[in-house]
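Single-structure report; data block below.
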Amino acid sequence: MKTKKKKVQFSVWYLLFALWALILINSYFMAPHEVKITYSQFKDLLAQGRVTEVVIDKEKIEGRAIISDEKKEEKKRDFVTIRVEDPDLVKELRQHGVTFSGRHENTFLKNLFSWVIPMLLFVGVWMFLMRRIGRGPEFMSVGRSKAKIYAEDQLEVTFDDVADLDEAKEEIREIVEFLKNPRKFSRLGGKLPKGVLLVGPPGCGKTLLAKAVAGEAKVPFFSISGSEFVEMFVGVGAARVRDLFARAQEKAPCIIFIDELDALGKARGINPVGGHDEREQTLNQLLVEMDGFDTKKGVILMAATNRPEILDPALLRPGRFDRNI
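Under our numbering, the letters of the sequence shown match residues 163 to 487, in that order.
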């Protein structure tokens with residue numbers, strides 16, 4: 163039996179970790195071990211004839227000198243000190259026979275890494291956030307709807323699977339007939355509510371009933387929870403509402419089902435601290451979409467809640483969720 167080789171996927175985190183490791187190696191292992199001294203200490207060593215050679219840079223002075231270590235042992239060691247404007251320095255170096263030279267350091271790579279690495283880290287964190295809150299690795303997927311889409315042949319739930327809800331099934335049966343043949347229903351002058359709100363305590367079968375409608379009618383079923391619209395970024399919820407309705411119209415006839423509508427449609431202005439701006443923007447966009455779409459195209463909006471008393475009154479006006487079951 164052949165074993166399948168696990169495919170290794172490239173991740174931007176591997177690159178960022180490698181860059182971080184290179185920085186550590188360069189900082190702690192490849193950097194020269196120089197003794198940092200003050201400029202006055204350097205002048206004292208120079209006056210005592212302990213300095214053997216120096217390299218003068220734009221910002222610092224490096225060189226070798228006889229310096230005592232922690233054990234009071236004197237030996238030649240590399241040192242570095244800050245450069246100070248000293249017009250007599252060259253004269254003193256010549257007096258003590260010190261070999262000196264100048265150096266113009268190319269700071270291009272240093273400056274490049276100083277902004278390239280933070281930029282890469284920022285891009286990495288941004289990609290990570292996009293993967294977490296979006297529906298894929300694309301940058302712009304954050305505004306796409308998180309609705310689960312069930313195709314016609316994926317829903318095997320029918321009214322026979324819904325027990326003890328005979329009255330609710332009778333009330334909702336006309337929606338099934340409409341979805342089976344929306345053109346015929348419209349030609350005969352039939353008029354359907356834009357939104358159907360299923361009300362009942364938790365576990366009474368609201369979601370199952372909504373799936374049964376789609377299963378009986380053999381149409382696609384878009385299912386999403388009201389809490390999945392709102393995210394940490396402003397405007398994401400409204401974008402997801404627009405995307406949901408746009409995708410539903412492409413699949414018409416179909417059903418959009420929003421579970422836990424109270425998580426999204428809570429009445430505006432009842433929060434003592436002023437409410438959640440992002441949630442209210444999402445709710446406003448939902449109201450706009452409900453006013454703008456036409457049920458004649460075959461898109462039926464259904465929702466479920468066990469707390470109808472806290473819903474925003476605008477949701478229950480005629481032309482929106484105007485039928486409660």
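Even for Gly, the Cβ is constructed at its ideal location relative to N, Cα and C. As the structure is a prediction and not an experimental result, all values here were calculated from the model.
{"Item": "Can you find the residues in the same chain that come closer than 7 Å, C-beta to C-beta, to L463, ignoring five residues on each side of it along the sequence?", "Value": "K356, G357, I418, M452"}
{"Item": "By Cβ distance, which residues of its chain are closer than 8 Å to N446, with the 5 residues on each side in sequence left out?", "Value": "A400"}
{"Item": "Who are the Cβ neighbours of I472 in its own chain at under 7 Å, not counting the five residues just before and after it?", "Value": "D424, K428, A429"}
{"Item": "Pair every Cβ in the region 401-408 with every Cβ in the region 361-381, then say whether three or more of these pairs are closer than 8 Å.", "Value": "no"}
{"Item": "Can you give me the Cβ contacts of G377 inside the same chain, cut-off strictly under 6 Å, excluding the 5 residues immediately before and after it?", "Value": "L317, V319, T320"}
{"Item": "Just to confirm, is the Cβ distance from K220 to H266 under 8 Å?", "Value": "yes"}
{"Item": "For I334, report the span of its beta strand (DSSP E) as first-last.", "Value": "Note, I334: premise wrong, no beta strand (DSSP E); alpha helix (DSSP H) at 328-342."}
{"Item": "May I ask which residues mark the beginning and end of the beta strand (DSSP E) holding D240?", "Value": "236-244"}
{"Item": "What's the gap between the Cα of A209 and the Cα of M281?", "Value": "47 Å"}
{"Item": "Tell me which residues share the same chain as T200 and place their Cβ nearer than 7 Å to its Cβ, disregarding the 5 neighbours each side in the sequence.", "Value": "T243"}
{"Item": "In chain order, what residues of the same chain have a beta carbon less than 8 Å from the beta carbon of R479, not counting five sequence neighbours either side?", "Value": "none"}
{"Item": "Return the chain-ordered ranges of every beta strand (DSSP E) run that is complete within the region 446-483 and spans a minimum of 3 residues.", "Value": "461-467"}
{"Item": "Is L360 helix, strand or coil by DSSP?", "Value": "strand"}
{"Item": "Would you kindly check if the distance between the Cβ of F384 and the Cβ of A410 is under 8 Å?", "Value": "yes"}
{"Item": "Under the DSSP definition of a beta bridge, which residues are partnered with C416?", "Value": "V461"}
{"Item": "Let's see if you can read the secondary structure: which residues bound the beta strand (DSSP E) around R226?", "Value": "222-230"}
{"Item": "Looking at I228: is its Cβ nearer than 8 Å to the Cβ of E236?", "Value": "yes"}
{"Item": "Indicate the three-state DSSP secondary structure (helix, strand or coil) for T214 in the structure shown.", "Value": "strand"}
{"Item": "Taking only three categories from DSSP, how would you classify G264?", "Value": "strand"}
{"Item": "Report all residues from its chain with a CB closer than 6 Å to the CB of E215; omit the five preceding and five following residues, and keep chain order.", "Value": "G225, R226, T261"}
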